[in-house]
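Engineer: When you read off a place in the sequence shown, starting at 1, and then add 10, the result is the number in my numbering. Just passing along the structure, written as structure tokens.
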Amino acid sequence: MAKDHVQIFDTTLRDGEQVPGCKLNTEQKLVIAERLDILGVDIIEAGFPVSSPGDFKSVEAIAKLVKNATVCGLTRSVENDIKVAAEALKHAVRPRIHTGIGTSDSHIKFKFNSNRDAIIERAVAAVKYAKGFVEDVEFYAEDAGRTDNEYLARVCEAVIKAGATVLNIPDTTGYCLPDEYGAKIKYLKENVKGIEKAVLSCHCHNDLGLATANSIAGAINGARQIECTINGIGERAGNTSLEEVVMIMKQHPNLNLDTGVNTKLLYSTSQMVQEHMGMFVQANKAVVGSNAFAHSSGIHQDGVIKNRETYEIMDPADVGVTESAIVLTARSGRAALAYRAKNVGYELTKLELDTIYPKFLEYADTKKEVVNEDIHVLMEQNNIKLS
Ligand code: KIV
Ligand code: ZN
């Protein structure tokens with residue numbers, strides 16, 4: 011059975027770049043946008059054009075450069091934002107305007123000092139205005155995660171009628187539990203008149219570490235677009251991580267969902283974004299962290315050396331990592347020492363291994379990690395020659 015395509019909407023250059031210290035210049039944004047297009051994402055959110063002349067220029071340059079992906083610009087439900095975004099996007103092969111407004115009671119009361127009906131009117135007016143510039147209009151119901159489902163359904167119905175083609179249901183504050191977020195998407199699928207004319211989109215923040223789980227719950231319940239960033243960068247604790255959702259769909263064929271992302275480019279893309287943004291990827295980050303395919307305890311190393319699949323559920327080559335790493339530490343066993351010694355040219359006999367292993371442990375206790383040069387020193391000290 012053919013899998014359902016889940017569109018990948020990358021917002022590294024918009025929600026990701028909003029983070030303090032992550033500022034990129036136009037040149038850097040172009041390099042990243044070009045890579046995202048090659049990676050195979052469906053939509054690139056290039057920026058928030060009205061926010062500054064620099065952002066306008068970047069969105070305009072990305073719109074001219076990108077040939078495959080849809081290029082999207084963010085706006086508030088404000089006519090001038092929409093007009094400026096349309097101008098920035100006018101050279102895009104596939105332009106999209108992403109407009110919206112807060113729909114939770116908290117946003118309606120404190121941000122807008124307004125009421126539910128007036129918010130729907132503003133949402134509808136924004137979508138209609140955007141439709142005057144582009145066919146592809148995405149609407150976001152900001153703080154949808156904390157918006158009551160019945161009202162959210164009313165908002166969605168009204169903006170679909172006004173012409174919205176994608177409905178973004180952001181868990182802006184990262185508050186939802188996966189069951190709750192999945193149920194929200196299901197509720198909208200079942201209760202919004204005209205929903206078959208629009209794509210539901212997940213946009214989850216990671217305040218409680220649930221962004222990826224919530225996005226997958228959304229997709230399982232019928233969303234067909236996921237908004238995410240490389241390395242999960244973004245406001246506060248970040249956004250859904252692109253590499254995680256893509257690999258979850260790849261590694262779980264029973265979900266029957268797939269993406270157009272070339273997973274072999276995930277690691278190098280992660281490194282590229284890390285370098286340009288100066289936001290370092292934590293070592294234990296899923297999929298792209300430096301320890302994601304590294305094994306350091308003796309029990310795990312012994313298993314991986316016998317068969318990689320004992321402790322790895324993904325082939326590192328599938329995400330562009332050349333090979334699994336067997337890291338030598340004081341927790342490593344004989345199998346790991348023999349394996350690493352062999353890699354640098356020493357075929358140890360059983361006797362040699364028995365002799366050198368206790369000395370290796372003593373040495374390893376003094377260091378965080380035993381590297382190749384240390385192996386050579388140990389071998390020389392014990393008169394073991396290269397094979
Ligand atoms: O988190 C959010 O709600 C957003 C919207 C502006 C789409 O980033
Ligand atoms: Zn966001």
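From the three backbone atoms N, C-alpha and C, an ideal C-beta is built for every residue, glycine too.
1. Taking 7 Å as the threshold (C-beta atoms), are ALA174 and VAL147 in contact?
2. Quick one: is THR332 buried, meaning 16 or more other Cβ sit within 10 Å of its Cβ, or exposed?
3. Any heavy atom of the ligand ZN closer than 6 Å to the Cβ of ASP217?
4. Nearer than 6 Å: is that true of the beta carbon of ASP364 relative to any heavy atom of the ligand ZN?
5. Would you check if the distance between the CB atom of LEU210 and the CB atom of ILE195 is smaller than 7 Å?
6. Which stretch, first to last residue, makes up the alpha helix (DSSP H) that contains LEU218?
7. What number of angstroms, rounded off, separates the C-alpha of SER172 from the C-alpha of HIS262?
8. Taking only three categories from DSSP, how would you classify SER62?
9. To which residues of the same chain is GLY299 closer than 7 Å at the C-beta, ignoring the five residues directly before and after it?
10. Can you tell me where the alpha helix (DSSP H) with GLY112 in it begins and where it stops?
11. Figure out for me which residue from GLN281, LYS77 and ASP91 has the closest Cα to the Cα of PHE66.
12. Relative to the ligand ZN, is the shortest distance from any of its heavy atoms to the C-beta of ASP25 smaller than 6 Å?
13. Is THR182 near the ligand KIV, judged by its Cβ being under 6 Å from some heavy atom?
14. Going residue by residue through the region 235–293, where are the continuous beta strand (DSSP E) segments of at least 3 residues, counting only ones entirely within it?
15. For GLY204, which residues from the same chain have a beta carbon less than 8 Å from its beta carbon, with the 5 sequence-adjacent residues on both sides left out?
16. Could you tell me which residues DSSP pairs with PRO180 in its beta bridges?
17. From this set, CYS186, ALA208 and CYS212, which residue's C-alpha is nearest LEU218's C-alpha?
18. Look up PHE149 in the DSSP assignment and give the residues it is bridged to.
19. What would DSSP say about VAL381, mapped onto helix, strand or coil?
20. From GLU253 to LYS77, what distance separates their C-alpha atoms?
21. According to DSSP, is GLU55 part of a helix, a strand, or is it coil?
22. Measure the CB-CB distance between GLY155 and ASP181 and report whether it falls below 7 Å.
23. Between the beta-carbon of ASN249 and the beta-carbon of ASP25, is there less than 7 Å?
24. Spatial neighbours of LEU40 within its chain, please: CB distance less than 7 Å, with the 5 preceding and 5 following residues excluded, ordered by chain position.
25. If we ignore side chains and look at the alpha-carbon of each, how far apart do THR80 and SER116 end up?
26. Would you kindly check if the distance between the Cβ of LEU388 and the Cβ of GLY355 is under 7 Å?
27. Please report the residue range of the beta strand (DSSP E) in which GLY299 lies.
28. Is PRO59 buried or exposed, if buried means 16 or more other CB atoms sit within 10 Å of its CB?
29. According to the Cβ coordinates, are ASP312 and ALA345 closer than 7 Å?
30. Write down the C-beta distance between ALA229 and ILE240 rounded to the nearest angstrom, noting that I regard them as a contact closer than 8 Å.
Structural biologist: So, from the data block:
1. Counting from one through the sequence shown, the residue named residue 147 turns up at place 137. Counting from one through the sequence shown, the residue named residue 174 turns up at place 164. Yes.
2. Here residue 332 corresponds to residue number 322 of the sequence shown, with the count starting at 1. The residue in question, THR332, is exposed, as its Cβ has fewer than 16 Cβ neighbours within 10 Å.
3. Mapped onto the sequence shown, residue 217 falls at position 207. No, the beta carbon of ASP217 sits no closer than 6 Å to any heavy atom of the ligand ZN.
4. Taking the first residue of the sequence shown as 1, we reach residue 364 at position 354. No; taking the cut-off as 6 Å, the Cβ of ASP364 has no heavy atom of the ligand ZN nearer than that.
5. Counting from 1 along the sequence shown, the entry for residue 210 is found at position 200. Counting from 1 along the sequence shown, the entry for residue 195 is found at position 185. Yes, Cβ-Cβ distance for LEU210 and ILE195 is below 7 Å.
6. Here residue 218 refers to the residue found at position 208 when the sequence shown is read from its first residue. Neither: LEU218 is in no alpha helix (DSSP H) and is coded neither H nor E.
7. Along the sequence shown, read from residue 1 onward, the residue named residue 172 stands at position 162. Along the sequence shown, read from residue 1 onward, the residue named residue 262 stands at position 252. A quick correction: the sequence has Ala, not Ser, at residue 172. Going by the C-alpha atoms only, they are around 37 Å apart.
8. As a position in the sequence shown, residue 62 is number 52, starting the count at 1. Reduced to three states, the DSSP call for SER62 is coil.
9. Here residue 299 is taken as the residue at index 289 of the sequence shown, counted from 1. Same-chain partners within the cutoff: VAL291, GLN292 and ALA293.
10. As a working mapping, residue 112 is identified with position 102 in the sequence shown. No alpha helix (DSSP H) contains GLY112, which is instead part of the beta strand (DSSP E) from 105–112.
11. In the sequence shown, residue 66 corresponds to position 56, counting from 1. Here the closest residue by C-alpha is ASP91.
12. If you number the sequence shown from 1, residue 25 lands on position 15. Answer for ASP25: yes, Cβ within range of the ligand ZN.
13. Against the sequence shown, residue 182 aligns to sequence position 172. Flag set: Cβ of THR182 near the ligand KIV.
14. 235–238
15. Along the sequence shown, one-based indexing puts residue 204 at 194. Answer for GLY204: GLU167, ILE170 and LYS171, listed in chain order.
16. In the sequence shown, the residue the question calls residue 180 occupies position 170. For PRO180, which the question treats as bridged, DSSP gives the partners HIS213.
17. Start at 1 with the first residue of the sequence shown, and residue 218 comes out as number 208. It is CYS186 whose Cα lies nearest to the Cα of LEU218.
18. On the sequence shown, position 139 is the one that residue 149 refers to. DSSP, once it has assigned bridges, lists THR109 and LEU177 as partnering PHE149.
19. As a first step, residue 381 must be located in the sequence shown, where it is residue number 371. Three-state DSSP puts VAL381 in coil, outside helix and strand.
20. Reading the sequence shown from its first residue, position 243 is the one you call residue 253. Reading the sequence shown from its first residue, position 67 is the one you call residue 77. Computed Cα separation, rounded: 22 Å.
21. Residue 55 sits at position 45 when you count from the first residue of the sequence shown. If DSSP states are grouped into helix, strand and coil, GLU55 belongs with the strands.
22. Here residue 155 is taken as the residue at index 145 of the sequence shown, counted from 1. Here residue 181 is taken as the residue at index 171 of the sequence shown, counted from 1. Closer than 7 Å, so yes.
23. Your numbering for residue 249 matches position 239 in the sequence shown. Your numbering for residue 25 matches position 15 in the sequence shown. It is a contact, given that the beta carbons lie within the stated cut-off.
24. As a first step, residue 40 must be located in the sequence shown, where it is residue number 30. Around LEU40: ALA71, ILE72 and LEU75.
25. What you label residue 80 is simply residue 70 of the sequence shown in a count that begins at 1. What you label residue 116 is simply residue 106 of the sequence shown in a count that begins at 1. Going by the C-alpha atoms only, they are around 32 Å apart.
26. In the sequence shown, counting from the first residue as 1, residue 355 sits at position 345. In the sequence shown, counting from the first residue as 1, residue 388 sits at position 378. Contact flag unset, no.
27. Walking along the sequence shown from the start, residue 299 turns up at place 289. Per DSSP, GLY299 belongs to no beta strand (DSSP E) and is neither H nor E.
28. Counting from one through the sequence shown, the residue named residue 59 turns up at place 49. Buried is the call here.
29. The sequence position of residue 312 within the sequence shown is 302, counting from 1. The sequence position of residue 345 within the sequence shown is 335, counting from 1. Against a cut-off of 7 Å, the Cβ pair of ALA345 and ASP312 comes out as a contact.
30. Counting from one through the sequence shown, the residue named residue 229 turns up at place 219. Counting from one through the sequence shown, the residue named residue 240 turns up at place 230. With 8 Å as the limit, ALA229 and ILE240 do not qualify as a contact, their Cβ atoms being about 19 Å apart.
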